[in-house]
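In the working numbering, the protein residues as written are 41 to 322.
Take a look at the structure below.
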Amino acid sequence: MFKPDLLHNKRILVTGGGTGLGKAMGRRFLELGARLVICGRRENVLAETKAEFDRDFAGRTTIHPCDIRDPDQVEAMVARIWSEAGGLDILINNAAGNFIARTETLSHRAVDAVLGIVLHGTAYVTLACGKRWIADGRPAAVLSLVATYAWTGSAYVVPSAMGKAGVLALMQSLAVEWGPKGIRCNAIAPGPFPTEGAWSRLVPNAEIETAWRARVPLGRFGRHDELADLAAFLVSDRAGFINGACVTIDGGEWLKGAGQFTLMERLSEAEWAAMASKKKGG
Ligand code: HXC
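What follows is the structure, given as structure tokens:
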């Protein structure tokens with residue numbers, strides 16, 4: 041789909057890049073010529089992913105254990121990336137935390153556990169990179185993974201919805217403020233893309249998984265390579281005029297939930313025929 045040098049020598053940090061969608065995006069960026077930096081909380085997971093990537097793309101991945109909830113760890117990591125590896129061209133805000141729960145049962149620590157990663161962590165990493173890009177006069181791109189419930193809200197994942205709405209506002213705000221400095225800020229709103237991390241926390245049983253699939257007009261979940269290709273395009277120079285956008289990639293899921301007459305999919309052929317004859321009869 042892309043020229044193999046689309047991201048040639050671009051230095052890209054993917055937060056939460058050791059697993060799931062972050063890992064899938066990282067592999068795609070490497071295939072397109074990038075130099076990859078991944079961070080996450082678990083050093084062993086990062087090391088395993090690096091070993092896997094190094095087999096195919098030797099020496100092009102570096103790892104930084106970092107809990108993005110801690111601003112001091114973030115600052116130390118980004119300072120090291122600038123001093124040791126020549127900084128970054130692209131930041132992917134992928135790291136997230138989430139679980140399903142009835143909101144009235146949440147403790148303040150539960151709220152903070154999610155917002156600390158999704159909202160505060162994303163802001164810390166974005167600011168640590170942004171101030172350096174601005175000081176260096178270096179063009180850059182930021183891409184944040186949100187969710188369609190950033191604008192619809194969602195029951196049972198309320199701290200995540202609050203956090204993703206905030207991240208979308210961060211991207212839209214910085215698109216305007218940092219656009220004149222050559223820094224593009226965009227978002228992707230993925231629908232259901234099965235990953236071990238998300239599915240183990242968000243899909244309690246097979247019945248819900250089947251019902252969820254049926255909510256998607258295309259009748260399936262997303263594939264990691266589909267998301268990775270969209271991300272690669274958005275951070276590439278070929279998307280140089282896209283700034284402040286949020287691209288939905290959900291097979292039409294959220295619109296199906298929102299549309300008032302979606303329920304009509306339950307009508308049988310006979311019922312449609314009855315509706316049509318009613319119309320003919322005036
Ligand atoms: C109620 C819960 C809970 C649950 C944790 N807590 N899980 N409360 N229901 N299921 C509470 C704990 O009781 C505790 O409060 C507080 O939250 C902190 O819990 P810890 O386990 O100490 O937190 P921590 O180890 O920091 O883990 C953070 C986490 C965890 C967010 C809770 O799930 C995590 O690390 N997730 C990372 C990966 C992830 O979630 N990926 C999925 C992202 S999917 P008390 O009061 O007891 O001390 C996504 C988009 C989905 O974001 C889009 C779908 C289409």
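Think of the CB as a built atom: it goes at the ideal place given N, C-alpha and C, for glycine as much as any other residue.
Bear in mind the structure is a predicted one, so any value in this text is a computation, not a measurement.
Judging by CA-CA distance, which residue of the options is the nearest neighbour of residue i?
| i | options | result |
| --- | --- | --- |
| Ala215 | Cys225, Val207, Ser184 and Lys221 | Cys225 |
| Asp269 | Pro44, Leu61 and Arg68 | Arg68 |
| Ala98 | Ala74, Val154 and Leu53 | Ala74 |
| Gly57 | Lys50, Gly66 and Arg51 | Gly66 |
| Arg51 | Val182, Glu115 and Glu88 | Val182 |
| Gly177 | Ile248, Arg253, Ala150 and Trp218 | Trp218 |
| Thr55 | Thr235, Ile132, Ala87 and Ser147 | Ile132 |
| Val186 | Ala168, Glu92, Ala135 and Ile223 | Ala135 |
| Arg263 | Gly280, Pro234 and Glu247 | Pro234 |
| Gly203 | Lys171, Ala190, Lys63 and Arg120 | Ala190 |
| Ala227 | Ala168, Met304 and Ala205 | Ala205 |
| Gly284 | Pro220, Gly62 and Ser200 | Pro220 |
| Asp22 | Asn49, Lys63 and Thr89 | What the structure shows of the chain is the stretch from 41 to 322, and residue 22 is not part of that stretch, so it cannot be assessed. |
Grab me the residues of residue i's own chain with a C-beta within less than 8 Å of its C-beta, minus the 5 sequence neighbours each way, in chain order.
| i | result |
| --- | --- |
| Leu307 | Met315 |
| Val256 | Gly231, Pro232, Asp290, Gly291, Gly292, Glu293 and Lys296 |
| Ile174 | Trp218, Lys221 and Ile223 |
Suppose the cutoff is 6 Å on Cβ atoms and the five residues either side in sequence are ignored; what does the same chain contact list for residue i look like?
| i | result |
| --- | --- |
| Thr102 | Val77 |
| Tyr196 | Ile140 |
| Leu53 | Val77, Leu128 and Leu131 |
Roughly how far, in whole angstroms, is the beta-carbon of residue i from the beta-carbon of residue j, given that I think they are within contact range, below 8 Å?
| i | j | result |
| --- | --- | --- |
| Ala229 | Thr145 | Actually they are not in contact, since the Cβ atoms of Ala229 and Thr145 sit about 27 Å apart, beyond 8 Å. |
| Gly193 | Gly60 | Not really, about 24 Å apart at Cβ, beyond 8 Å. |
| Arg280 | Ile223 | It is worth fixing the name first, because residue 280 is Gly in this sequence and not Arg. With a Cβ gap of about 12 Å, Gly280 and Ile223 do not count as contacting. |
| Val198 | Thr143 | 5 Å |
Hey, would you say the C-beta of residue i is under 7 Å away from at least one heavy atom of ligand 1?
| i | result |
| --- | --- |
| Ala195 | no |
| Gly297 | no |
| Ile121 | no |
| Ala187 | yes |
| Gly57 | no |
| Ile248 | no |
| Arg253 | no |
| Ala238 | yes |
| Leu70 | no |
| Thr288 | no |
| Ser317 | no |
| Phe139 | yes |
| Leu146 | yes |
Sorted by chain position, which residues of the same chain lie with C-beta nearer than 7 Å to residue i's C-beta, five sequence neighbours on each side aside?
| i | result |
| --- | --- |
| Arg109 | Gly156, Ile157, His160 and Gly161 |
| Ala272 | Phe42, Leu46, Leu47, Arg68, Phe69 and Leu72 |
| Gln113 | Cys106 and Asp107 |
| Ala153 | Gly137 |
From the DSSP output, read off the bridge partner residues of residue i.
| i | result |
| --- | --- |
| Thr288 | Ala229 |
| Ala180 | Ile223 |
| Val77 | Leu53 and Thr102 |
| Asn133 | Ser184 |
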